[in-house]
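J.:
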Amino acid sequence: MIYKNIIWKFLLALGLGILVGSNVIPKQLVAAAYIFVVLLCCYYALYNNHEKIFSLLPYVIYAEVFVRDRLPDTIPYLTIQYTYLFIFGYMFLRFNATQKPHTKIFLFLLAYAFLEIFNGLNPDRPKLLRSIFFNSFSLIIAIVWASYNRLSPKLINKIIANVKIAGLFLTGIVVVAQFTGKIDYGNFSNSESSNGLAPVQLSGYLSVLACFLFFSIMNVAEQKSRYIYIPAFALVTSVMLMTFSRGGLYFLGAVTAMYLFFNRGGLGSYFKYLMLLPIGLLIYNLAIQQTGGKIIARYEAKGTSNRDVLVEAAFQLFLEHPLLGVGTSNYGTAIVEHKLFSQESTAHNEFARAMAEHGVLGIITYCGFFIAMFITIFKRKGAAKQYSIYFLSLFCFIVIHNGLKISIQHLLIVMAVANPTVIRQVYSKKIKPNIIVKQQAVSY
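FYI, in my numbering the residues of the sequence shown are 647 to 1090.
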């Protein structure tokens, strides 16, 4: 029965996404549903109901890219950032302010927040400054909350389960483009193949979904559900590839390599490795057929869509303004003034932005947090160490590729910080401690 429930939830989410992507469901109804779920999250925050909040948040997160593109006049662009600020800010002040944190690494980011404010007193583009503030501060308050709370293994698995369902809803929206018209594939990220949605942002959302589906395929406790997860994984990965944004595939490849390394002693045989080959061939053939072979040229193309140039520009700005940088939100105008780039642009890399806009103090505070966090995670044991590395690594990959622009990043960092015991350890002759065990598998 549990496996039938998974099928129906996946099919329902995918079908609903197709209806939304095909404009069968009125946008006003989508907007009303989105606002309703956001308000529900805020309501449950009043009662500190973590289970309800984290069960609903994936749906707000995975609808974000659609809402931003299709409903800009109805729903504010930074709605989910405002929601994060309220939810985590209220729960922290109301329920956690008098407690002791289980980690104090968040102090790096508190110092960074003050630096963002101080260095933002003279912005060249005030509108961009507001966006940066709300993105940064919503992330920081989420991390502060996570530093005072622990997410149970059951809740972590529930989050992952709802990410899969919500992610298939987004996949349904995007896959509509493959059936509704001719797509002009070229040697660049393609919004036509993503149904008009931002392809680079989609690569972040769909790569996280693909990683979670991969974990389920490889999990011994979910082997009866592989016939569900394998086609879902193939579909999601194919859709991700055909956006022609290469970042998602790189993220998935890196996490897959980490998973196989960590579980090299627990897999027991080469069967699971061999099982990946037909999946990969299926995805490859689908992508080749759908794009007329142009996907090969896209992934063989050299360069990083000027991201390397923008990072070099950030380093040059750092060398010229080493102490405090050029100021919050001033990266775009500074690279033009210093003739480092032909037009204004964001850094597309939060680490590079911290270096350019805040100098050495930005490096110490912002980068210092992630260095300290990785050190802390590597001190954890078994699955707690393994899954926290996946969550934090995915966050950093997206930050390097996208900057701090999509709300899945907040959820990933919360799961990494607030979960020093991701999966309960069970020792037996058949199941290794770094594999999710049946007792901890999500119940759909």
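All C-beta atoms in this analysis are idealised placements derived from N, C-alpha and C, irrespective of residue type, glycine included.
Report yes or no: is there a C-beta of chain D within less than 8 Å of the C-beta of Tyr-730?
T.: Of the protein chains in this structure there is only one, and it is not chain D.
J.: If you draw a straight line from the C-alpha of Leu-895 to the C-alpha of Thr-744, how long is it?
T.: Looking at the two C-alpha atoms, the distance is approximately 43 Å.
J.: DSSP three-state call for Tyr-723: helix, strand or coil?
T.: Reduced to three states, the DSSP call for Tyr-723 is coil.
J.: Which word fits Pro-799, buried or exposed, when buried means at least 16 other C-beta atoms lie within 10 angstroms of its C-beta?
T.: The residue in question, Pro-799, is buried, as its Cβ has 16 or more Cβ neighbours within 10 Å.
J.: With burial defined as no fewer than 16 other Cβ atoms inside 10 Å of the residue's Cβ, what is the status of Arg-714: buried or exposed?
T.: That one is buried.
J.: If you draw a straight line from the C-alpha of Leu-963 to the C-alpha of Leu-956, how long is it?
T.: Cα to Cα, the separation comes out at about 10 Å.
J.: Give the straight-line distance between the Cα atoms of Lys-750 and Phe-734, rounded to the nearest whole angstrom.
T.: The alpha-carbon atoms of Lys-750 and Phe-734 are separated by roughly 17 Å.
J.: Any chance the region 800-818 sits against the region 657-668, with 3 or more Cβ pairs inside 8 Å?
T.: Cβ pair count under 8 Å is three or more, so yes.
J.: Report yes if the CB atom of Asn-742 is closer than 8 Å to the CB atom of Tyr-693, and no otherwise.
T.: Not closer than 8 Å, so no.
J.: How close, in whole Å, do the beta carbons of Cys-857 and Val-885 come, if the pair is a contact with beta carbons under 8 Å?
T.: Contact flag wrong, Cβ pair sits at about 15 Å.
J.: Return the chain-ordered list of same chain residues with a C-beta closer than 7 Å to the C-beta of Leu-702, the five sequence neighbours on each side being excluded.
T.: Once the five neighbours on either side are set aside, the close Cβ partners of Leu-702 are Val-683, Leu-686 and Cys-687.
J.: Hey, which unbroken runs of the alpha helix (DSSP H) at 4 residues or more fall wholly within the region 718-773?
T.: With a minimum length of 4 residues, the continuous alpha helix (DSSP H) runs that stay inside the region 718-773 are 725-737 and 753-764.
J.: In angstroms, rounded to a whole number, what distance separates the CA positions of Ala-960 and Phe-780?
T.: Near 22 Å, if we compare the C-alpha coordinates of Phe-780 and Ala-960.
J.: In this structure, how does DSSP classify Leu-1058 when only helix, strand and coil are distinguished?
T.: Helix at Leu-1058.
J.: Leaving out the 5 sequence neighbours to the left and right, which residues in its chain are closer than 8 Å to Tyr-758 when beta-carbon positions are compared?
T.: Cβ within range, chain order: Ser-782, Ile-786, Ala-1000, His-1004, Gly-1008, Thr-1011, Tyr-1012 and Phe-1015.
J.: Who are the near neighbours of Tyr-730 in its chain, counting only those whose CB is closer than 6 Å to its CB and skipping five residues on each side?
T.: These residues qualify, in order along the chain: Ser-784, Ala-788 and His-1056.
J.: Is it right to say Leu-675 is buried, meaning 16 or more other beta carbons lie within 10 angstroms of its own, or is it exposed?
T.: Leu-675 comes out exposed.
J.: Leaving out the 5 sequence neighbours to the left and right, which residues in its chain are closer than 7 Å to Ser-668 when beta-carbon positions are compared?
T.: Excluding residues within five positions, the ones whose Cβ falls inside 7 Å are Val-822.
J.: Might you give, ordered along the chain, the residues of its own chain that have their beta carbon closer than 8 Å to the beta carbon of Phe-738, omitting 5 neighbours on each side?
T.: The answer, listed in chain order, is Ile-787, Val-790, Trp-791 and Tyr-794.
J.: When you compare the CB positions of Leu-859 and Phe-700, do they come within less than 8 Å of one another, or not?
T.: In this structure, Phe-700 does not lie closer than 8 Å to Leu-859 by Cβ.
J.: Please report how far the alpha carbon of Arg-953 lies from the alpha carbon of Ser-840, in whole angstroms.
T.: Roughly 21 Å between the two C-alpha positions.
J.: Hey, how far is the Cα of Asn-803 from the Cα of Cys-1042?
T.: Answer to the nearest angstrom: the Cα atoms are 21 Å apart.
J.: Thinking C-alpha only, which one of Tyr-1036, Ile-721, Phe-879 and Lys-773 is nearest Gly-978?
T.: With distances taken between Cα atoms, Gly-978 lies closest to Lys-773.
J.: Between the alpha carbons of Ala-1029 and Leu-767, how many angstroms are there, rounded?
T.: Ala-1029 and Leu-767: Cα-Cα distance of roughly 44 Å.
J.: Quick check on His-967: does DSSP put it in helix, strand or coil?
T.: In the structure shown, His-967 sits in coil (DSSP, three-state: anything other than H, G, I, E or B).
J.: How would you label Ala-903, buried or exposed, when you count the other beta carbons within 10 angstroms and need 16 or more for buried?
T.: Classification for Ala-903: exposed.
J.: Cβ atoms of Ile-1044 and Ile-1052: under 8 Å apart, would you say?
T.: Result yes, Cβ atoms of Ile-1052 and Ile-1044 sit closer than 8 Å.
J.: Could you give the distance in angstroms between the alpha-carbon of Lys-985 and the alpha-carbon of Phe-897?
T.: Looking at the two C-alpha atoms, the distance is approximately 32 Å.
J.: Just reading off the alpha helix (DSSP H) that His-1047 is part of, what are its end residues?
T.: Segment 1028-1048, the alpha helix (DSSP H) holding His-1047.
J.: Under three-state DSSP, which class holds Met-1001?
T.: Helix, per DSSP.
J.: If we ignore side chains and look at the alpha-carbon of each, how far apart do Arg-776 and Arg-872 end up?
T.: Rounded to whole angstroms, Arg-776 to Arg-872 spans 45 Å at the Cα level.
J.: Express the C-alpha separation of Ala-998 and Leu-906 in angstroms, rounding to a whole number.
T.: Straight-line Cα distance between these residues: approximately 30 Å.
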